[in-house]
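**Student:** Those protein sequences? They're chains A and B, same order as listed. Numbers in the working numbering are just positions in the first sequence, counted from 1, shifted up by 22. Numbers in the working numbering are just positions in the second sequence, counted from 1, shifted up by 15. Input: one structure, supplied below.
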Amino acid sequence: EAGVTQFPSHSVIEKGQTVTLRCDPISGHDNLYWYRRVMGKEIKFLLHFVKESKQDESGMPNNRFLAERTGGTYSTLKVQPAELEDSGVYFCASSPLQGGPYEQYFGPGTRLTVT
Amino acid sequence: GNSVTQMEGPVTLSEEAFLTINCTYTATGYPSLFWYVQYPGEGLQLLLKATKADDKGSNKGFEATYRKETTSFHLEKGSVQVSDSAVYFCALNVRSQGNLIFGKGTKLSVKP
Chain A
23 EAGVTQFPSH
33 SVIEKGQTVT
43 LRCDPISGHD
53 NLYWYRRVMG
63 KEIKFLLHFV
73 KESKQDESGM
83 PNNRFLAERT
93 GGTYSTLKVQ
103 PAELEDSGVY
113 FCASSPLQGG
123 PYEQYFGPGT
133 RLTVT
Chain B
16 GNSVTQMEGP
26 VTLSEEAFLT
36 INCTYTATGY
46 PSLFWYVQYP
56 GEGLQLLLKA
66 TKADDKGSNK
76 GFEATYRKET
86 TSFHLEKGSV
96 QVSDSAVYFC
106 ALNVRSQGNL
116 IFGKGTKLSV
126 KP
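Set out below in structure tokens:
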């Protein structure tokens with residue numbers, strides 16, 4: 023069974039540019055989460071999808087961040103325009119919907135560097 | 016609010032040494048507790064978990080006991096190996112389908 027995949031693995035962009043990160047969850051997992059780790063700090067929650075609906079987006083830092091999950095499969099996280107403080111590693115995780123607490127399965131992360 | 020505090024690293028040990036990584040938490044309600052591990056170049060993997068007070072999670076020789084009275088979930092291993100070198104994250108969630116709240120992570124290096 024394929025795990026959670028993320029693309030790209032690394033992205034280096036200039037301040038003011040736009041970047042789109044993609045996450046493909048484990049097939050059949052209706053829960054999808056985005057997290058971010060800024061250098062040396064804790065991993066912080068950004069938002070949670072249940073299928074295609076945003077269940078909780080309380081962790082989104084500001085309106086420069088837009089997450090979508092059309093069709094309830096893969097998800098994208100767009101940062102527009104990027105700022106220096108957006109640099110960090112962005113993790114995606116997925117889990118089944120029924121029951122719990124289920125393990126959240128994490129992808130390898132996308133390392134974003136804004137220069 | 017809900018939070019996790021874990022010991023600062025990095026931690027450097029010799030092979031076969033005893034490992035303890037402290038983790039304490041603050042939470043409303045009855046959280047589930049987790050230890051995740053990130054090996055170099057890989058994503059986070061669940062190492063172990065405990066869902067109620069006095070539960071002991073264990074995996075790959077690692078153990079942690081959910082202590083409600085001290086709000087702690089310390090990670091221990093009796094004899095570490097070089098292959099245990101990684102970053103370890105303590106985490107909690109207060110709703111079974113909810114987001115995880117992480118500590119800052121502790122980097123462990125084990126020398127031969």
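Cβ atoms here follow ideal geometry from the backbone N, Cα and C, with glycine treated the same way.
Less than 7 Å separating the beta-carbons of B:Y81 and B:D70?
**Tutor:** In contact: B:Y81 and B:D70 (Cβ atoms closer than 7 Å).
**Student:** Does DSSP classify B:V97 as helix, strand or coil?
**Tutor:** B:V97 falls in the helix class under three-state DSSP.
**Student:** Looking at C-beta atoms only, is the number of pairs between the stretch 68–75 of chain A and the stretch 20–27 of chain B that lie closer than 8 Å three or more?
**Tutor:** Output reads no: the stretch 20–27 of chain B does not touch the stretch 68–75 of chain A.
**Student:** Using the Cβ count rule (16 or more neighbours within 10 Å means buried), how would you classify A:N84?
**Tutor:** A:N84 is exposed by the Cβ-count criterion.
**Student:** Checking 7 Å against the spacing of the C-beta atoms, do B:T52 and B:C105 come in under that value?
**Tutor:** Just to set this straight, residue 52 of chain B is Val in the shown sequence, not Thr. Contact: no.
**Student:** From the DSSP output, read off the bridge partner residues of B:E78.
**Tutor:** In the DSSP output, where bridge partners are listed per residue, B:E78 has B:S73 and B:E91.
**Student:** Name the chain B residues that come within less than 8 Å of A:D78, Cβ to Cβ?
**Tutor:** Residues of chain B passing the Cβ test: G113 and N114.
**Student:** Got a sec, what are the start and stop residues for the beta strand (DSSP E) A:T132 sits in?
**Tutor:** A:T132 -> beta strand (DSSP E) spans T132 to V136.
**Student:** Is the CB of B:G72 under 7 Å away from at least one CB in chain A?
**Tutor:** Taking Cβ atoms only, chain A never reaches closer than 7 Å to B:G72, which makes this a no.
**Student:** Taking only beta carbons into account, state which residues of the stretch 56–68 of chain B come closer than 9 Å to chain A, listed in chain order.
**Tutor:** Here the close residues are G56, E57, G58, L59, Q60, L61, K64 and T66.
**Student:** With three or more C-beta pairs closer than 8 Å as the rule, is the stretch 27–45 of chain A touching the stretch 70–80 of chain A?
**Tutor:** Because the criterion of three Cβ pairs below 8 Å is not met, the stretch 70–80 of chain A and the stretch 27–45 of chain A do not touch.
**Student:** Quick check on B:K119 - is its C-beta less than 7 Å from some C-beta in chain A?
**Tutor:** Cβ-Cβ to chain A under 7 Å: yes for B:K119.
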